[in-house]
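One structure is given below, encoded as structure tokens.
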Amino acid sequence: MSYLSGRWNDVRTLWHLLASRIEGQTHAERLDSFYSGQAAGYDQFRRKLLHGRCELFESLPVLENGVWVDLGAGTGENAELWGPRLQEFRQVYLVDLCQPLLDVCQQRITDRGWERVSAVCADATQFAPAETEVDLVTFSYSLTMIPDWFQAVNRAWELLRPGGCWRLSIFMSPASTPLKPCDGTAGFNVISGRPGLREITCF
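So for the sequence shown, this note's numbering puts the first residue at 5; every next one is plus one.
Written out as structure tokens, the structure reads:
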């Protein structure tokens with residue numbers, strides 16, 4: 005993408021962020037309304053803001069024949085961060101409640117020719133994969149966007165097999181957080197920071 009087209013994409017995305025009217029009765033309808041006009045430029049715009057994702061996925065082990073669930077996957081860009089290792093999973097579920105973002109995700113899956121990767125429209129607090137248990141659950145700047153995010157954490161734990169892990173990257177206030185270290189699987193690692201905000205990975 006050229007410099008000018010990139011800046012135009014940013015302007016258009018900002019306009020939708022600031023000026024578009026959000027409509028809908030349900031959370032899913034409001035998400036669709038909010039993101040429908042900016043889905044195409046979502047990745048480029050937020051890539052400048054959402055730091056720590058590359059570090060998060062670089063820190064993850066290769067789970068050969070494992071099952072990965074990304075809750076709040078949006079456009080599925082997180083899957084790109086695995087590189088060729090992505091195809092070592094037995095199954096990947098990219099889960100989001102916003103259909104416009106999932107449309108971009110599905111196009112990405114098709115364009116890349118990814119096998120065993122599914123874009124799923126579902127509530128993160130209720131998602132139930134075909135497998136009884138999964139090996140890895142991630143939230144990448146999605147957890148605190150979920151209204152009942154405590155239940156989303158509970159659901160992640162319910163999905164995990166014994167010895168599995170869940171990891172996240174979020175913006176948070178450095179003063180306090182209700183999140184606690186993950187018992188038995190390590191804790192929080194501050195991977196970068198900025199005034200007033202801290203970006204963390206939990207693992």
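Glycine included, every Cβ here is placed at the ideal spot set by N, Cα and C. Just so it is clear, the structure is predicted and the values come from calculations on it, not from any experiment.
Would you mind working out which of the options sits nearest residue i, comparing C-alpha positions?
i	options	result
residue 31	107, 159, 156, 150	150
residue 33	127, 159, 147, 160	127
residue 93	109, 71, 63	71
residue 95	84, 160, 105, 134	134
residue 98	118, 119, 73	73
residue 57	35, 86, 100	86
residue 146	28, 82, 29, 59	82
residue 129	152, 119, 115	152
residue 115	84, 136, 62, 125	84
Measure the alpha-carbon distance for residue i versus residue j and round it to whole angstroms.
i	j	result
residue 167	residue 156	19 Å
residue 165	residue 138	6 Å
residue 102	residue 163	21 Å
residue 158	residue 64	21 Å
residue 75	residue 131	9 Å
residue 117	residue 172	27 Å
residue 2	residue 35	Residue 2 cannot be examined here, being either before or after the span of the chain that is shown, 5 to 207.
residue 60	residue 119	23 Å
Can you find the residues in the same chain that come closer than 7 Å, C-beta to C-beta, to residue i, ignoring five residues on each side of it along the sequence?
i	result
residue 113	80, 121, 123
residue 69	94
residue 111	none
residue 77	98, 99, 100, 109
What are the residues that DSSP puts in a beta bridge with residue i?
i	result
residue 97	73, 122
residue 169	140
residue 164	138
residue 113	Note: residue 113 sits in no beta bridge, so no partner.
Beta-carbon within less than 8 Å of residue i's beta-carbon, same chain only, minus the 5 sequence neighbours each way: which residues are those?
i	result
residue 89	66
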